[in-house]
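First the structure, in the form of structure tokens, and then the observations on it.
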Amino acid sequence: MTTHKTFPKAVIIGAGIGGLSAAIRLAQQKWQVTIIEQLERPGGKMGQVQSDGYRWDIGPSVITMRHVFERLFHEAGRRLEDYLDLVPLNPITRYFWRDGLTLDATADREAMCTQIAQFSPRDVDAYIRFMAYVRRLYEVIGDPFLYRQRPGLRDLLRLPLTDVFKIDALRSMHTAIRAHFHDPHLVQLFDRFATYNGSSPYLAPATLNVIAYVEMALGAWYPRGGVYQLALALERLALELGVEIRYNCAAQRILLNSNRADAVLLHDGHTLPAKAIICNADVTHARKTLFPSSFSDQHQHQTLAPSCSGLALLVKVPATQPQLAHHNIFFGDPADYGREFDDIFHRHLPPNDPTLYVCITSKTDPDHAPIGCENWFVLANMPYLGPNFDWQTQGAAYIEKFKIENLKLKMHHPQFSILNSQFSIFKTMTPQWLQNTYGGNCGAIYGFSSNSRTAAFMRPSNRIRGLHGVYFAGGSAHPGGGVPLVALSGIAAAECAASV
Ligand SMILES: Cc1cc2nc3c(=O)[nH]c(=O)nc-3n(C[C@H](O)[C@H](O)[C@H](O)COP(=O)(O)OP(=O)(O)OC[C@H]3O[C@@H](n4cnc5c(N)ncnc54)[C@H](O)[C@@H]3O)c2cc1C
Numbered sequence: 150m151t152t153h154k155t156f157p158k159a160v161i162i163g164a165g166i167g168g169l170s171a172a173i174r175l176a177q178q179k180w181q182v183t184i185i186e187q188l189e190r191p192g193g194k195m196g197q198v199q200s201d202g203y204r205w206d207i208g209p210s211v212i213t214m215r216h217v218f219e220r221l222f223h224e225a226g227r228r229l230e231d232y233l234d235l236v237p238l239n240p241i242t243r244y245f246w247r248d249g250l251t252l253d254a255t256a257d258r259e260a261m262c263t264q265i266a267q268f269s270p271r272d273v274d275a276y277i278r279f280m281a282y283v284r285r286l287y288e289v290i291g292d293p294f295l296y297r298q299r300p301g302l303r304d305l306l307r308l309p310l311t312d313v314f315k316i317d318a319l320r321s322m323h324t325a326i327r328a329h330f331h332d333p334h335l336v337q338l339f340d341r342f343a344t345y346n347g348s349s350p351y352l353a354p355a356t357l358n359v360i361a362y363v364e365m366a367l368g369a370w371y372p373r374g375g376v377y378q379l380a381l382a383l384e385r386l387a388l389e390l391g392v393e394i395r396y397n398c399a400a401q402r403i404l405l406n407s408n409r410a411d412a413v414l415l416h417d418g419h420t421l422p423a424k425a426i427i428c429n430a431d432v433t434h435a436r437k438t439l440f441p442s443s444f445s446d447q448h449q450h451q452t453l454a455p456s457c458s459g460l461a462l463l464v465k466v467p468a469t470q471p472q473l474a475h476h477n478i479f480f481g482d483p484a485d486y487g488r489e490f491d492d493i494f495h496r497h498l499p500p501n502d503p504t505l506y507v508c509i510t511s512k513t514d515p516d517h518a519p520i521g522c523e524n525w526f527v528l529a530n531m532p533y534l535g536p537n538f539d540w541q542t543q544g545a546a547y548i549e550k551f552k553i554e555n556l557k558l559k560m561h562h563p564q565f566s567i568l569n570s571q572f573s574i575f576k577t578m579t580p581q582w583l584q585n586t587y588g589g590n591c592g593a594i595y596g597f598s599s600n601s602r603t604a605a606f607m608r609p610s611n612r613i614r615g616l617h618g619v620y621f622a623g624g625s626a627h628p629g630g631g632v633p634l635v636a637l638s639g640i641a642a643a644e645c646a647a648s649v
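For what it's worth, my numbering labels the leading residue of the sequence shown as 150, then goes sequentially.
Given below as structure tokens:
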């Protein structure tokens, strides 16, 4: 008589990058995995839309930490390059200032030094010292903070004293950057890395300068065909490993039996029992909507502020702009950069003069726009949703002002002649849209901000103490937002589940 071995069952709520990564890690360990996703596609915030020969990635556009994905595929017995063509970007980003200065940021140290020497010779040494400093940060924090379960303050105390100082958590990112660089343009350039996890350089601990190392030393990539190809590659690998994915299928409740979660109730009334439930939905949103209210009241996590949100425009540009690169940043006055973060994080108002990010994938994939045209994805950081600004009633006026003053005038730099011609805006995505579409926490793009020295220790862990069978994966859980980190979060959640 043959005996059939039964494999443990996992249900994953959400096919975002965190959910897909968790599914891959569990399926590789022979779990029977079902992902339920309320949207009709994988990727969550990583999506793509098309119109009249234009194609845009609508979420993340900068992919760093390639090794995270290489490892995920490798450990599943596959090669990332068989699924995805990751193109290294050079320049990584082209920065523009209103005074006419431009800089092509690159992971090539010599080329960076040459450019810095042209406008601030005394900052060449500063740059070399800064890159050594951020490398040390990466070496110290990578293991305890990124690649493992969330550390507690006690774990910090166990680090060698020299390492505690190397973490540089007592001053702000901005203070550390200013201590290195003289030129305000460079200070602004490195300050901006705080926004990669939705934070302010004036509030986030200097530890977050590690982000500069991740991009400026390890490099940035673009998946040929669009960033969305990464979601499709993860989906393909998950399906090959036997994961079942149900789209247009929403979870209504996580069912608890005493202190154990043991099933997911779907909106259609069906129940999926599971040994492990991995929640890729935003933690705050999940606590409010997926758990019984008695549980949510008991398990309030300490108050962490949401990360910033964003205003994104998908623009059809009927001309090509040779001055622009794949990634472009348009800064306002470096001396007034703090005001943008005051607007976002203190006044909770859309900034008066936001930094603009313009991503043009048709620079690398010409078929993303009709011949002679470009597909611009324009993004500005915005406050998370709150009482000070109502996008339903005040949004239209702000967007109109944004289009005229920011999009047209900021681009109406001596080098840009086209901007008088009629580019057309295909779609506008506001913080309210982000909230409604992905079910987030006040439209936050990256989960929680790191605007405090203790945020890294307060971020929800991948599991809740005292509750068995449910784990959290995604930008609002450890180790935080951004595509590679949410993949690490998914892997960490899967490993918690598999270790029980
Ligand atoms: C405009 C924008 C630009 C960004 N730029 C970058 C960038 O350049 N680089 C970078 O690294 N990161 C960037 N990010 C951040 C990055 O996209 C996110 O950190 C990451 O994609 C989040 O992945 P996740 O797995 O946490 O969750 P999500 O992508 O939010 O996925 C969660 C999934 O859960 C599903 N879900 C929720 N509730 C339920 C339910 N009840 N039932 C079923 N399904 C449910 C949702 O539909 C969603 O698909 C950007 C984000 C945005 C919005």
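Using N, Cα and C, we set each Cβ at its ideal position, and we do this for glycine too.
The model shown is predicted, which means the values in this text are computed figures rather than measured ones.
Run the proximity test for residue i: is its beta-carbon closer than 6 Å to any non-hydrogen atom belonging to ligand 1?
| i | result |
| --- | --- |
| Lys194 | yes |
| Pro209 | yes |
| Ala254 | no |
| Ile594 | yes |
| Ile427 | no |
| Val632 | yes |
| Gly291 | no |
| Leu188 | yes |
| Gly521 | no |
| Val635 | yes |
| Ile185 | yes |
| Tyr282 | no |
| Tyr244 | no |
| Tyr587 | yes |
| Ile166 | yes |
| Gly418 | no |
| Ala361 | no |
| Ile173 | no |
| Ala399 | yes |
| Ile162 | yes |
| Gly623 | yes |
| Ala604 | no |
| Gly368 | no |
| Ala430 | yes |
| Ala461 | yes |
Since residue i and residue j should fall inside the 8 Å C-beta cutoff, what is the C-beta to C-beta distance between them, to a whole number of angstroms?
| i | j | result |
| --- | --- | --- |
| Pro422 | Lys158 | 7 Å |
| Phe494 | Asn600 | 6 Å |
| Gln120 | Leu534 | Since the first residue shown for the chain is 150 and the last is 649, residue 120 is missing from the structure and cannot be characterised. |
| Gly375 | Asp514 | 7 Å |
| Gly254 | Met322 | The residue asked about is misnamed: residue 254 is Ala in this sequence, not Gly. Not confirmed; about 17 Å, so no contact. |
| Ala382 | Leu221 | That pair is no contact at about 10 Å. |
| Ile212 | Tyr371 | 7 Å |
| Asp257 | Phe330 | Not a contact, Cβ separation roughly 19 Å. |
| Asp206 | Tyr377 | 6 Å |
Using DSSP with H/G/I as helix, E/B as strand and the rest coil, what is residue i?
| i | result |
| --- | --- |
| Met531 | strand |
| Asp253 | strand |
| Pro354 | strand |
| Thr263 | helix |
| Leu237 | First, the amino acid is wrong: residue 237 is Pro here, not Leu. Note: Pro237 maps to strand in three-state DSSP. |
| Thr679 | Examination of residue 679 is not possible in this model, given that the chain is present from 150 through 649 alone. |
| Cys645 | helix |
| Ala605 | helix |
| Asn406 | strand |
| Thr344 | helix |
| Leu421 | strand |
| Phe480 | coil |
| Gly226 | coil |
| Arg488 | helix |
| Thr242 | strand |
| Gln472 | coil |
| Ser321 | strand |
Segments assigned alpha helix (DSSP H), at least 4 residues, entirely inside the segment 491-554: With a minimum length of 4 residues, the continuous alpha helix (DSSP H) runs that stay inside the segment 491-554 are 540-550.
With a floor of 4 residues, list each alpha helix (DSSP H) that falls wholly inside the segment 150-223, ordered by position along the chain. If we require 4 residues or more, the alpha helix (DSSP H) runs fully inside the segment 150-223 come out as 166-177.
Identify every run of the alpha helix (DSSP H) within the segment 353-384, keeping only runs that are complete inside it and at least 4 residues long; order them along the chain. If we require 4 residues or more, the alpha helix (DSSP H) runs fully inside the segment 353-384 come out as 359-365.
Please list the segments of the beta strand (DSSP E) lying wholly inside the segment 578-635, counting only runs of 3 or more residues, in order along the chain. Scanning the segment 578-635 for uninterrupted beta strand (DSSP E) segments of 3 residues or longer gives 619-621, listed from N- to C-terminal end.
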